[in-house]
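Engineer: Here it is, the structure in full.
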Amino acid sequence: MTRSFHRLLRLLGLVLSRCVLPITRYCWSLATDFQVAGDALNDLNNRLMTVIGSGHASARLYHMEDYRHP
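Mapping of the sequence shown onto the working numbering: residues 274 to 343, in sequence order.
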């Protein structure tokens, strides 16, 4: 192969190792962080809905007891 082709391959390898791979690793890290944050928010949302749902159920129960005929 010619010398210029070897230089082109070396330059391409340099660009990949210095630019593309670090950016890819950074994006993958961000995606993982967002996934963890999304899971935590989903868990918090589920817990809040459970608390709110149980609160509504108890409020309905008290409401029914208040209007019960003696």
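All residues carry an ideal CB built from backbone N, CA and C; glycine is no exception. The structure presented is a predicted model; accordingly, all values stated were derived computationally and were not measured.
Quick one: what does DSSP say residue 297 is sitting in, helix, strand or coil?
Structural biologist: Helix at residue 297.
Engineer: Could you tell me the distance, in whole angstroms, from the CA atom of residue 291 to the CA atom of residue 285?
Structural biologist: Computed Cα separation, rounded: 10 Å.
Engineer: Could you spell out where the alpha helix (DSSP H) holding residue 277 opens and where it closes?
Structural biologist: Per DSSP, residue 277 belongs to the alpha helix (DSSP H) from 276-288.
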